[in-house]
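Down below is the structure, laid out as C-alpha cells.
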Amino acid sequence: MSDATQVATPAAGAPKAEATGASTVAPGAQAAPAAVKIVARDVNVFYGEKHALKHVDLDINENEVTALIGPSGCGKSTFLRCLNRMNDVIDICRVTGSITLDGSDVYDPSLDVVQLRARVGMVFQKPNPFPKSIYDNVAYGPRIHGIARSKSELDAIVHHSLERAGLIKEVHDRLDQPGTGLSGGQQQRLCIARAIAVNPEVILMDEPCSALDPIATAKIEELIDELRENFTIVIVTHSMQQAARVSQRTAFFHLGDLVEVGDTEQIFTNPRDSRTQGYITGRFG
Amino acid sequence: MTDAATTPPDPAAIRRPVLTGPHLARRYAAERRFRLYGLAGIAFAGLMLLLLVGSIVQKGYSAFWQTYMEIEVAFPAVQTLNPDGGAPTEEQIRRSDYLTPLRDALKEQFPEAAGDRKQRRMLYGLVSPGADLALRDMVLADRSLLGRRASVWIKVSDDVDSLAKGHIRRDVPEANRRINDTELGWFDTLDKAGRIEARFNVDLFTHGDSREPVEAGIYGALMGSILTLTVTLLVSFPIGVMAAVYLEEFAPKNRLTDVIEVNINNLAAVPSIVFGLLGLAVFLNFFGLPRSAPLVGGLVLALMTLPTIIIAARSALKAVPPSIREAALGLGASPLQVVTHHVLPLAMPGILTGTIIGMAQALGETAPLLMIGMVAFIVDIPQGFTDPATVLPVQIYLWADSPERAFVERTSAAILVLLGFLVVMNALAVLLRKRFERRW
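If you read the sequences in order, they're chains A and B.
Residues in the first sequence are numbered from 1 upward in steps of one, following full-length UniProt numbering.
Residues in the second sequence are numbered from 1 upward in steps of one, following full-length UniProt numbering.
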C-alpha cells in the first residue's frame, strides 16, 4: 500500500500521445484535441447466459464529462462498472474484450484491482455513506491508501475534499456527526467528497442524482462541471436534460449495443441513428 | 363511464371496490380476532413464565437463609493445645478437638438430656455436623477466644433448619416426623430465649458441593460453569465468526459450499449427547485430556455451539447492505479491509446476539457433559481448566436427586442462580449490542 501515494497527484503526466489516434473509431467523433483516457474495444459482458453488453467500442477523453444514456437495462451501468472492475464482485459476470486506462489493460490478471479502484473512483446511484462520522467517511480512502502522512495532513485532505464537493459550509461544524444523518443531496455530495479524497484520475458516477430532488441535483451538476478540470468523469444518467447540461460527449446505449457516440451537442441536435432520435425525442425509453 | 351507473353491469365496465357491506365487517372482525389470538398467546406465555419462576422462587427463596443458634462454648485452653507453653501454632489449633467443647456446651444448655445416651445423640444432632469445624475457624480468626467462654452462633442441622423455616409440620404424628417432640421442645426453648436466628446463607455461595445440605454450596458448580463457558466462548466465537466470514464473503458459490452450508444447518439440529460421545472419543480417548475437566467440557460445548454461531453470524453478515461493500470497494479497499473495517463491525450486534443464544444453550446443557465425566460429586472448587469440575445444571440434577428435605430448597435456589447467570449474560449481550449498534 506504500506505493499508493503516487496516485495522489491527479492525472499527472498521463501518457497522451498513444491514445489520440484511437478516437477515430467512435462514429461521428470530431477531431477533438482532448487526450483519450480510457479506450474500450470490443467489450462484451455476460451475466451467465445473458449477453448484456455487445461489442462496445468507446473512447473516454481526459478532463471531459462523458454521459452514458439509454433506456433501463441497456447496459450503460454495466459498462460503467467494467471500467473499475466492480463487476468482479458478481460471480456470474464475465467480461471479454479490452479496456485500457492510460494504455495499460484494466483486465490484465497481474493488475492489482485495489490500485485500479484507487485510480478510478466511483459514486453510486443511492448515496451510501459509511455509518461513521462525516470526517471518517472522507478520511477513509486516504487512510487505507496511506496518502496522509500526519493528522494535520489528513485534516487538510478532508477539509479540501469537502470544500471541492461544496459541502464544507454545511458540515464544517459537525464533522464528527454521522454521515448518515445528512439529507439525501448532502449524503451524495459526501460520497463525492469521499471519492475525490483519494484523488482518482477518473470518477464514475452511476445515476448520482436519481434519488435527489431538483435543487440537490442542480448542486451536484454544478459540482460535476467544476470537477471536470481535474478529473475525467463518466456519468450514467436517465435524464437527457442532465446529459445535455453536464456532458461534453454522450454515448447512447440500447439493448446492450452502443448505438451512437459523439459530442453532446451533435447527439442532441443531429443524431445519426433513428434509435437515438427516437430516444432523445421521447418516443421510447 | 357515466352510463355505467344506470345500465346493468357489463363485463367491460369499470368496477370499483365496494366500500360498504358485509365483507367489510368480516374483514374488521378477522383483524380483531387475529389481534386477540396474538394477545392470548402472549398472555399464555407470560402466565407460564410467571408460574415457572413463581414456583421456583417460592420453593427456593428459603435456601438463601440459614438458621443459626446461639450457644455458650468453653473454648479449649492454650495449655491443652500447646503443652510446652507459649502461643499455639496454627497446626496445633487445627488439630485440636472442638467437638468435646461443643458437646459439653450443648449438655450444659440442656442438662436433662445429658444422662441418657439416646437423648444425648439427639442433642448433638441439633447442630450441623460441621459445627466443630466452624468453632475451629472462629479460633483461627480470633485466638483470644482460647481458654475463654464465649457466646457463639453456629449453624443448626438441616432438620432443625427445615423446622425453623416451617417445612416440617408440627401437626404430623411424632412417628412420621423428622423431628421428635423432645427436639421440638428444645428448639422452642431456644427460640423463646431468642437464641435462634435466620441469617443470610453465605455458605451457599462460598462452598462446594457436600453430602450435608447445610454445608453444600454452588460455588464449585458456578466456577465450573464459568470456566467451561470461557473455554466454549474462546473456542467457538473466533472459529464461528471466521467460518461465517469466509463462507459469506470469500467462498465461491458452488456445490461444495452448498454442501457445507447444508451440513452446518444440520449440525445445529444434532442431539447434544452425540457431541458428548464425540468428545469422549476424540478429546478423552484420542487426545487423552483429563476427565471431568472444564477444558474438555468447554470444547464439547464449543462443538455444539459452533453451528448456532455460524448460522447467526452468516445471517448478520448477509443483512449488511451491499451498498456499504460497494462503497468501500469503490474507494479501493481490499476485500479484507471491506470485511474488517465495515462489514464485520456492522454485523457485530447480530453476531453477538447469536453467540449469546449459543452460550445460553451451552450453559444449560447437561447431556454432552454426561459422557465426559462432568456429572460427578466434586467437593473441591475448581481452580483451573484441568481441575475436575461440575456445572450448574449438573449440580441441580444431582441435588434434585438427593433424598434430604433441605436439598429441595437448594435445588430451586441453584436454579435461581442459573437463571440469574443467564440474565446477567443476556444483559451483557444487550449492552455490547447497544455499543456496537450503528444505523445505516
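Heads up, the beta-carbon is just placed ideally off N, CA and C, and yes, glycines get one too.
Query	Result
So that I know if they touch, is there some Cβ in chain C lying closer than 8 Å to that of A/Val198?	Within the model displayed, chain C is absent; protein chains A and B are what it includes.
Whose CA, out of A/Asn137, A/Pro200 and A/Val45, lies closest to the CA of A/Gln186?	A/Asn137
Any chance the region 344 to 358 of chain B sits against the region 418 to 429 of chain B, with 3 or more Cβ pairs inside 8 Å?	yes
Can you tell me whether A/Arg272 is helix, strand or coil according to DSSP?	coil
Quick check on this structure: which residue in B/Met425, B/Ala175 and B/Gly298 has the alpha carbon closest to the alpha carbon of B/Val391?	B/Gly298
By a C-beta neighbour count over all protein chains shown, 10 Å radius and 16 as the cutoff for buried, is B/Met48 buried or exposed?	exposed
For A/Ala197 and A/Ile69, which I take to be in contact (beta-carbon distance under 8 Å), what is that distance rounded to the nearest angstrom?	With 8 Å as the limit, A/Ala197 and A/Ile69 do not qualify as a contact, their Cβ atoms being about 28 Å apart.
Which residues, in order along the region 133 to 157 of chain A, keep a beta-carbon less than 8 Å from a beta-carbon of chain B?	Tyr140, Gly141, Ile144 and His145
Using a 10 Å radius around the Cβ and a threshold of 16 neighbouring Cβ atoms, would you call B/Gly279 buried or exposed?	buried
Have a look at B/Glu70, B/Ile168 and B/Phe44 and flag the residue whose alpha-carbon is nearest the alpha-carbon of B/Glu197.	B/Glu70
Can you list, in chain order, the residues of its chain whose CB lies under 7 Å from that of B/Val78, leaving out five sequence neighbours each side?	Pro88, Leu146 and Gly147
Excluding the 5 residues preceding and the 5 following B/Pro290 in the sequence, name in chain order all residues of the same chain whose CB lies nearer than 6 Å to its CB.	Thr386
Which value, in whole angstroms, describes the spacing of the CA atoms of A/Pro142 and A/Gly103?	26 Å
Using 8 Å as the threshold, is the C-beta distance between B/Val231 and B/Pro129 below it?	no
Please work out which residues of its chain come closer than 8 Å, Cβ to Cβ, to B/Leu267, disregarding the five sequence neighbours upstream and downstream, and give them in chain order.	Leu306 and Pro307
List, in chain order, every chain A residue whose beta-carbon is nearer than 8 Å to that of B/Pro252.	Asp91
Which complete alpha helix (DSSP H) runs does the region 209 to 288 of chain B hold, if anything under 4 residues is left out?	219 to 245, 255 to 267 and 272 to 279
Against A/Gly121, what residues of chain B qualify as contacts under a CB-to-CB distance less than 9 Å, listed in chain order?	Gly330, Leu331 and Gly332
Does any CB atom of chain A fall closer than 8 Å to the CB of B/Ala347?	no
With three or more C-beta pairs closer than 8 Å as the rule, is the region 363 to 381 of chain B touching the region 208 to 222 of chain B?	yes
Within a Cβ cutoff of 7 Å, which residues of the same chain sit near B/Arg33, ignoring the five residues on either side of it in sequence?	none
Just to make sure I have the definition right: I need the residues of chain B whose C-beta is within less than 8 Å of the C-beta of A/Phe79. Which are they?	The premise fails here: A/Phe79 is roughly 16 Å from chain B at the closest Cβ pair, so nothing lies under 8 Å.
Quick check on A/Lys126 - is its C-beta less than 8 Å from some C-beta in chain B?	yes
List, in chain order, every chain B residue whose beta-carbon is nearer than 9 Å to that of A/Pro208.	Neighbours of A/Pro208 on chain B: none; closest Cβ ~12 Å, over 9 Å.
Please tell me whether B/Ile324 has its Cβ less than 8 Å away from any Cβ of chain A.	yes
Taking A/Gly184 as part of the alpha helix (DSSP H), name the residues at either end of that continuous run.	Gly184 to Ile196
Are A/Leu116 and A/Val236 close, meaning C-beta to C-beta below 8 Å?	no
For the candidate residues B/Asn254, B/Glu248, B/Gly217 and B/Glu112, whose alpha-carbon lies nearest to that of B/Gly185?	B/Glu112
Beta-carbon separation of A/Gly73 and A/Leu53 under 8 Å?	no
Does the beta-carbon of B/Met242 have 16 or more other beta-carbons within 10 angstroms, so that it is buried, or is it exposed?	exposed
Taking DSSP's pairing of strands, which residues face A/Ile69 in a bridge?	A/Phe252
Are the beta-carbon atoms belonging to B/Ala406 and B/Ser55 less than 8 Å from one another?	no
Under the DSSP definition of a beta bridge, which residues are partnered with A/Phe46?	A/His51 and A/Arg94
Should residue 287 of chain A and A/Gly184 be called a contact, given that it needs their Cβ atoms to be closer than 8 Å?	Chain A is shown from 1 up to 285; residue 287 of chain A falls before or after that span and cannot be answered.
Shorter than 8 Å from the beta carbon of A/Val114 to some beta carbon of chain B?	yes
Pairing CB atoms from the region 199 to 214 of chain A with CB atoms from the region 118 to 131 of chain A, are three or more of them under 8 Å?	yes
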